[in-house]
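Residue numbers (the numbering used here): 8 to 165.
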């Protein structure tokens, strides 16, 4: 069993491992439903967030949760593109990633004001913060500015 000190030491390598393995898996499976640019944007955004979070020394498990959240966003994008044929540059996904960054920053600030946390709470906070920002940004942008498919847009195709 890994204790808290050991997990704190291994949080960064595990987060990098998840990010790199998910990127490799998505790039190997890239095609019509998951273009390679989706994986590339998710990869570099995740690395940027992980690097910036290291400056503020988050609670143990936070970085791993963050890596899982960004891998999940690429998977959600692939599922959404398989449901409907979306043509265009993919501005919706970029807006979603910006929301994920904002959610990560909000979760990081929140984690600094809470007392000591366990690894499970740090993981959940990192994952939920990034995914909440992603979903919030997607729902707002997809229902006001652009059509993003049936998963996020409530109206019909304009």
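Even for Gly, the Cβ is constructed at its ideal location relative to N, Cα and C.
With three or more CB-CB distances shorter than 8 Å, the segment 127–147 counts as touching the segment 67–81.
Take the alpha-carbon of residue 118 and the one of residue 64: they are about 10 Å apart.
Residue 112 has its alpha-carbon roughly 9 Å from the corresponding atom of residue 59. Put simply, of 85, 139 and 108 the residue whose alpha carbon is nearest the alpha carbon of residue 45 is 85. Annotation for residue 120: the continuous alpha helix (DSSP H) segment containing it runs 98–120. In the DSSP assignment, residue 133 falls within the unbroken alpha helix (DSSP H) covering 126–151.
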